[in-house]
Amino acid sequence: EDQVTQSPEALRLQEGESSSLNCSYTVSGLRGLFWYRQDPGKGPEFLFTLYSAGEEKEKERLKATLTKKESFLHITAPKPEDSATYLCAVQAGYRGSTLGRLYFGRGTQLTVWP
Amino acid sequence: DVKVTQSSRYLVKRTGEKVFLECVQDMDHENMFWYRQDPGLGLRLIYFSYDVKMKEKGDIPEGYSVSREKKERFSLILESASTNQTSMYLCASSPRGRRQPQHFGDGTRLSIL
C-alpha cells in the first residue's frame, strides 16, 4: 500500500504559467515531509523540509506548503530550467533504527517549455 | 556541502558475476542508504545502515547484501548478478535524529548483460 502519492505523474507548463504539484500521505505520526528535485541522470537534490501543518517554505519560484494530509509544491512563473522530476518523501514516527527512513512518492515529471 | 560519492557512474557486468557498488560520504553521517530507481516504480529502498557494522533490510533486499566496516563507507553487493538487477542505484546519507533530510549521490547506472 502506497504511503505517499504524488499527482500528477507528469505536468507540462508554458514558461510563466504557474501551477501546483500535490503530495498526499497516509503515514502515522508524521515527523517531516521532504521535497527533492531530480534532474535526468542525477541523484535527488534536497529542496525543503516541512514539519507541521500550516508551515510554508520558499526558494526562488518554489513554495512548499503542508496540511495534515498533503503537501503542495507551488511553482510561480516557471522557467525552462525548472524542468525536472520533483519527489516528495515522508518520515514517519517510528522508533529505533527505522527513524531515519524516508518513504518516497513516485514523483511528478515537470516540463516547462518556452 | 554534503558530498556523497559513488564509485562509478556507469557499470556493465555479466549475469552471475559478483558486483560491488561503493559509496562514501564526507559529513560523518550515521545513517546510510541504498536505493534502486526504475521508471514507473520510483525509489525503492534496498538496505540501510544506522551505524558501523549495523544493517537493516529495506523493501527489496533479495539478491543483495551490504557491508559497512567504516562510518563513511557503505557497500552494496550483488551476490550473483541477474538481468533484472539492471537499474540506477542511488546511495544516500543522513545524520541521526528526526527530521533530517537524506543527501544523495549521483547514482550508478548498472547494466547486467
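Chains as they are written, first to last, in my numbering: chain A, 1 to 114; chain B, 1001 to 1113.
Where is the CB? At the ideal position from N, CA and C, for every residue including glycine.
All values reported here derive from a predicted model rather than from experimental measurement.
Open item on the list: I need the DSSP call for A/Glu55, collapsed to helix, strand or coil.
Closed with: Here the question's residue 55 of chain A lines up with position 55 in the first sequence. Three-state DSSP puts A/Glu55 in coil, outside helix and strand.
Open item on the list: Can you tell me whether A/Gly32 is buried or exposed? The criterion is at least 16 other CB atoms within 10 Å of its CB, across all chains shown.
Closed with: Numbered from its first residue, the first sequence carries residue 32 of chain A at position 32. Its Cβ being crowded by 16 or more others within 10 Å, A/Gly32 is buried.
TODO: Would you give the residue range spanned by the beta strand (DSSP E) that B/Gly1042 belongs to?
DONE: Stepping through the second sequence from its first residue, residue 1042 of chain B is reached at position 42. Unbroken beta strand (DSSP E) run through B/Gly1042: Gly1042 to Ser1049.
Open item on the list: Please report the distance separating the alpha-carbon of B/Asn1084 from that of B/Arg1036.
Closed with: Position 84 of the second sequence, counting from 1, holds the residue named residue 1084 of chain B. Position 36 of the second sequence, counting from 1, holds the residue named residue 1036 of chain B. Rounded to the nearest angstrom, the two C-alpha atoms are 12 Å apart.
Task: Beta-carbon proximity of A/Thr76 to A/Gln109, cut-off 7 Å - done: As a working note, residue 76 of chain A is residue 76 in the first sequence. As a working note, residue 109 of chain A is residue 109 in the first sequence. No. Outside cutoff.
Task: Under 7 Å (Cβ pairs) to chain A, residues found in the stretch 1072–1093 of chain B - done: Leu1090
Task: Environment of B/Lys1055 [buried if 16+ CB atoms lie within 10 Å] - done: The sequence position of residue 1055 of chain B within the second sequence is 55, counting from 1. Flag for B/Lys1055 reads buried.
Open item on the list: So, does the stretch 1013–1030 of chain B touch the stretch 1074–1081 of chain B, judging by three or more C-beta pairs under 8 Å?
Closed with: yes
- [ ] For B/Gly1097, name the three-state secondary structure that DSSP assigns.
- [x] Along the second sequence, one-based indexing puts residue 1097 of chain B at 97. Residue state, collapsed to three classes: coil.
- [ ] Would you kindly work out how many angstroms separate the C-alpha atoms of A/Lys47 and A/His74, rounded to a whole number?
- [x] As a first step, residue 47 of chain A must be located in the first sequence, where it is residue number 47. As a first step, residue 74 of chain A must be located in the first sequence, where it is residue number 74. Residue 47 of chain A is actually Leu in this sequence, not Lys. Spanning the two alpha carbons is a distance of roughly 13 Å.
Open item on the list: Just checking: is the beta-carbon of B/Leu1043 within a distance shorter than 7 Å of some beta-carbon in chain A?
Closed with: As a position in the second sequence, residue 1043 of chain B is number 43, starting the count at 1. It does; some Cβ of chain A falls within 7 Å.
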